[in-house]
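Below: one structure, written as structure tokens.
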Amino acid sequence: MQRSEVVALDKRHVWHPYTPMDAYIATTDPLVVVGAEGPYLFDADGTRYLDANGSWWVSTLGHRHPRLVRALTEQAGAFPHTSLAGVTHAPAARLASELVALAPGAGGPGAERLSRVFYSDNGSTAVEVAIKMAAQYWAQNGRPARTRFITLSGAFHGETIGATSVGGVEVFRDVFGPLLFDVVHVPSPAEPAGWERAFAQVEATLRAHPDEIAAVILEPLIQGAAGMHVYAPAFLRAVREATRAVDTFLIADEVFTGLGRTGARFACDLADVVPDLLCLAKALSGGLLPFAATLATERVFCGFGGGSERALYYGHSYCGNPLGAAVAREVLAVYRDEDVLGQVARKAPRVKAAFERMAADIPGVTRPRALGLVGAVDLGGGGYLARAGWRVYEAARRRGLYLRPLGDTVYVAPALNIPDAALDELLAGVEASLREVARAGG
1093 MQRSEVVALD KRHVWHPYTP MDAYIATTDP LVVVGAEGPY LFDADGTRYL
1143 DANGSWWVST LGHRHPRLVR ALTEQAGAFP HTSLAGVTHA PAARLASELV
1193 ALAPGAGGPG AERLSRVFYS DNGSTAVEVA IKMAAQYWAQ NGRPARTRFI
1243 TLSGAFHGET IGATSVGGVE VFRDVFGPLL FDVVHVPSPA EPAGWERAFA
1293 QVEATLRAHP DEIAAVILEP LIQGAAGMHV YAPAFLRAVR EATRAVDTFL
1343 IADEVFTGLG RTGARFACDL ADVVPDLLCL AKALSGGLLP FAATLATERV
1393 FCGFGGGSER ALYYGHSYCG NPLGAAVARE VLAVYRDEDV LGQVARKAPR
1443 VKAAFERMAA DIPGVTRPRA LGLVGAVDLG GGGYLARAGW RVYEAARRRG
1493 LYLRPLGDTV YVAPALNIPD AALDELLAGV EASLREVARA GG
């Protein structure tokens, strides 16, 4: 099929995510991807693009990693799917065992360990599972008034109604306001006022309403979709202690940060924190197919025993899909065999230094921040609907980079195993694109 035919069909029928479709149909010349290899995408016109954002943060081992492709095809040759309701299989069972062995606090006290794994399809559903687990646990274990959640301004936890309810990015949630349940929003710990102000409100809310709060939910250390806002591990530690003081739950949404993005296996590890519930997706299946998991402590799990009416009646058709589980097991093996965390540790200082230099040298570029293999700067301050970042996107595309911004935030989150030469290409291309836009007046 010719490129023009693909674009014509696309504009006639496909409704794209996060896209003003009238402008897209009228003016956008989309990338038409026909192949991918490592950190690169290949367009139908023969152009190679460096995937600066890991195709929405999922391709942490690059595209078409041969070991992941082999794991997928071998499992497909055995059996591609079965329900996990009253059925099990080796990929799901073995993956669960491996995840709990790697989870924060592995080897700690039994009831506080993340020892149970509930599978689902994507980051939103992983969070939805955690919300329902927390709410149902308290409903049937003597604290039925615990139905509210504390969440952070700027939080993003997914697209389902529950996940949207606990989100804090207004542009993603305001239109759905009448459908959302009430939550307690506190300031972001990444705001200039500092994490102490945010924590004071968390602590005050927990102390004032200990019988109402089911959980505090947060993205550990990096608020991704809000603009890659990085905050101090001290905030995460303080929140964990505050939730323990009133005996309520902490939900760690590691959909973005989990499995190496911050330089640690989990962002919670950088704060030495063990949550009650932990959500995983994105990196878990290395960008090959949708797959997610919600890890729970033994205490949470035991709160659902005692009769069929107390079970967690929740699930999706593809829960524990054997293709996803087989690929996820191979992802963990590649991380170990290729020392992926070590690769991140070696490359992270280069990312940090590059973004600090861009902010220091380029007019209008502000707020450099970096953690692990995430680097970001801002242009102006117009938020998610600002257009400045899209001018950088166009400049980067002309240089062979696929660099999708978050409004006026320009950021990179490439494959964790990106080769050194490709990382140099990426950082140089981002800097050149920012300079071009700055010369043109933003």
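Numbering (our numbering), first residue to last: 1093 to 1534.
Note that CB positions come from ideal geometry on N, CA and C, so glycine has one too.
{"Item": "How would you call ARG1531, buried or exposed, if buried means at least 16 neighbouring beta carbons within 10 angstroms?", "Value": "exposed"}
{"Item": "Taking Cβ to Cβ, would you say GLN1167 is nearer than 8 Å to PRO1414?", "Value": "yes"}
{"Item": "Three or more C-beta pairs closer than 8 Å, one from the region 1443–1456 and one from the region 1335–1350: is that the case here?", "Value": "no"}
{"Item": "Taking buried to mean at least 16 other C-beta atoms within 10 Å of its own C-beta, is SER1109 buried or exposed?", "Value": "The amino acid at residue 1109 is misidentified as Ser; the sequence shows Pro. Exposed: under 16 other Cβ atoms inside 10 Å."}
{"Item": "For the pair the region 1213–1221 and the region 1248–1255, tell me if three or more CB-CB distances fall below 8 Å.", "Value": "yes"}
{"Item": "Would you tell me roughly how many angstroms separate the C-alpha atoms of CYS1360 and VAL1322, rounded to the nearest one?", "Value": "13 Å"}
{"Item": "Distance check for GLN1232 and PHE1409, CA to CA, integer angstroms please.", "Value": "Per the sequence presented here, residue 1409 reads as Ser, with Phe not at that position. The alpha-carbon atoms of SER1409 and GLN1232 are separated by roughly 26 Å."}
{"Item": "According to the neighbour-count rule (16 or more other Cβ atoms, all chains shown, within 10 Å of its Cβ), is PHE1065 buried or exposed?", "Value": "This structure does not reach residue 1065, given that the chain is present from 1093 up to 1534, and the question cannot be answered."}
{"Item": "Check for me: the beta strand (DSSP E) holding THR1243 runs from which residue to which?", "Value": "1240–1244"}
{"Item": "Please give me, in chain order, every unbroken run of the alpha helix (DSSP H) with length at least 4 that falls completely inside the region 1234–1288.", "Value": "1253–1257 and 1262–1265"}
{"Item": "Beta carbon of TYR1116, beta carbon of TYR1494: below 8 Å?", "Value": "no"}
{"Item": "Kindly indicate which three-state DSSP category LEU1342 falls into: helix, strand or coil?", "Value": "strand"}
{"Item": "Which residue from PRO1506, ASP1102, ARG1449 and GLY1464 puts its Cα closest to that of GLU1049?", "Value": "Past the boundaries of the shown model lies residue 1049; the chain is included only from 1093 to 1534, so the question cannot be answered."}
{"Item": "Along the alpha helix (DSSP H) that carries ILE1117, what are the first and last residues, could you check?", "Value": "1113–1119"}
{"Item": "To test your reading of the DSSP string, which unbroken beta strand (DSSP E) runs of 3 or more residues are found completely within the region 1131–1158?", "Value": "1132–1135 and 1140–1143"}
{"Item": "With which residues is PHE1210 paired in a DSSP beta bridge?", "Value": "THR1386"}
{"Item": "Are ALA1536 and ALA1226 touching if we call contact CB-CB under 8 Å?", "Value": "Outside the displayed range of the chain (1093 to 1534) lies residue 1536, so it cannot be described from this structure."}
{"Item": "Which two residues bound the contiguous beta strand (DSSP E) that contains ILE1305?", "Value": "1305–1310"}
{"Item": "State buried or exposed for ALA1113, treating a residue as buried only when at least 16 other CB atoms are found within 10 Å of its CB.", "Value": "Going by the sequence as given, residue 1113 is Met instead of Ala. The residue in question, MET1113, is exposed, as its Cβ has fewer than 16 Cβ neighbours within 10 Å."}
{"Item": "Evaluate the contact criterion for the region 1200–1208 versus the region 1382–1391: three or more CB pairs, one atom per stretch, below 8 Å.", "Value": "yes"}
{"Item": "If distances are taken between C-alpha atoms only, which option among GLU1304, VAL1267, PHE1291 and GLY1412 comes closest to LEU1187?", "Value": "GLY1412"}
{"Item": "Output yes or no for whether 8 Å exceeds the beta carbon distance between ALA1128 and ARG1156.", "Value": "yes"}
{"Item": "Are the beta-carbon atoms belonging to LEU1351 and LEU1376 less than 8 Å from one another?", "Value": "yes"}
{"Item": "Give the DSSP bridge partners of CYS1535, in chain order.", "Value": "In the structure displayed, the chain extends from 1093 to 1534; residue 1535 sits before or after that span and is not available."}
{"Item": "In terms of residue numbering, what span does the beta strand (DSSP E) encompassing GLU1129 cover?", "Value": "1125–1129"}
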